[in-house]
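> I am attaching a structure below and will ask some questions about it afterwards.
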Amino acid sequence: MCKNISNQFKINKNRVAILAELDKEKRKLLMQNQSSTNHPGASIALARSPLNKDFRDHAEQQHIAAQQKAALQHAHAHSSGYFITQDSAFGNLILPVLPRLEAE
Numbered sequence: 006m007c008k009n010i011s012n013q014f015k016i017n018k019n020r021v022a023i024l025a026e027l028d029k030e031k032r033k034l035l036m037q038n039q040s041s042t043n044h045p046g047a048s049i050a051l052a053r054s055p056l057n058k059d060f061r062d063h064a065e066q067q068h069i070a071a072q073q074k075a076a077l078q079h080a081h082a083h084s085s086g087y088f089i090t091q092d093s094a095f096g097n098l099i100l101p102v103l104p105r106l107e108a109e
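So for the sequence shown, my numbering puts the first residue at 6; every next one is plus one.
Right, dumping it as structure tokens:
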């Protein structure tokens, strides 16, 4: 029981240290942001946001492409049908290809 209380104390102490570190970083960033608003040419925070958005969009596209590739490989390995990757209005990563049958 004593060990359990000791472990809880250590965990809480670590949490407090982490929160203090985050608070320190937050204050530092706020001070930097305030100093950059005093100097109009030094708005670093505004200049970085489009880059972050572009990077996030590119990373999301790569993730979707990787998911499509994995889904396509899985479908080909476990099915006798044929599948293609194509954007779908319903969010499907792959679509089955159905052959057209000639009317007899």
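All C-beta atoms, glycine included, are put in the ideal place defined by N, C-alpha and C.
Output yes or no for whether 8 Å exceeds the beta carbon distance between Gln73 and Leu103.
Mapped onto the sequence shown, residue 73 falls at position 68. Mapped onto the sequence shown, residue 103 falls at position 98. Contact: no.
> Tell me Leu100's beta-bridge partners as DSSP assigns them.
For the purposes of this step, residue 100 is identified with residue 95 of the sequence shown, where counting begins at 1. Paired residues: Ile89.
> Quick check: what's the CA-CA separation for Gln67 versus Phe95?
Residue numbering aside, residue 67 sits at position 62 when the sequence shown is read from its first letter. Residue numbering aside, residue 95 sits at position 90 when the sequence shown is read from its first letter. Cα to Cα, the separation comes out at about 19 Å.
> Taking the alpha-carbon positions, what's the Ala22 to Gln39 distance?
The count along the sequence shown starts at 1 and reaches residue 22 at position 17. The count along the sequence shown starts at 1 and reaches residue 39 at position 34. Cα to Cα, the separation comes out at about 26 Å.
> Would you mind giving the Cβ-Cβ distance between Phe88 and Leu100, rounded to the nearest angstrom? I have them listed as a contact below 8 Å.
Here residue 88 refers to the residue found at position 83 when the sequence shown is read from its first residue. Here residue 100 refers to the residue found at position 95 when the sequence shown is read from its first residue. That belief holds up - the Cβ atoms of Phe88 and Leu100 are roughly 7 Å apart, short of 8 Å.
> May I ask you to report which of helix, strand or coil DSSP gives Leu27?
Stepping through the sequence shown from its first residue, residue 27 is reached at position 22. Helix.
> What three-state label does DSSP hand Leu106 in the structure shown?
Indexing the sequence shown from 1 puts residue 106 at position 101. Looking at Leu106 - three-state DSSP - the assignment turns out to be coil, as it is neither helix nor strand.
> Can you tell which of Ala108, Leu77, His81 and Asn57 has its C-alpha closest to the C-alpha of Gln91?
Along the sequence shown, one-based indexing puts residue 91 at 86. Nearest option by C-alpha distance: Leu77.
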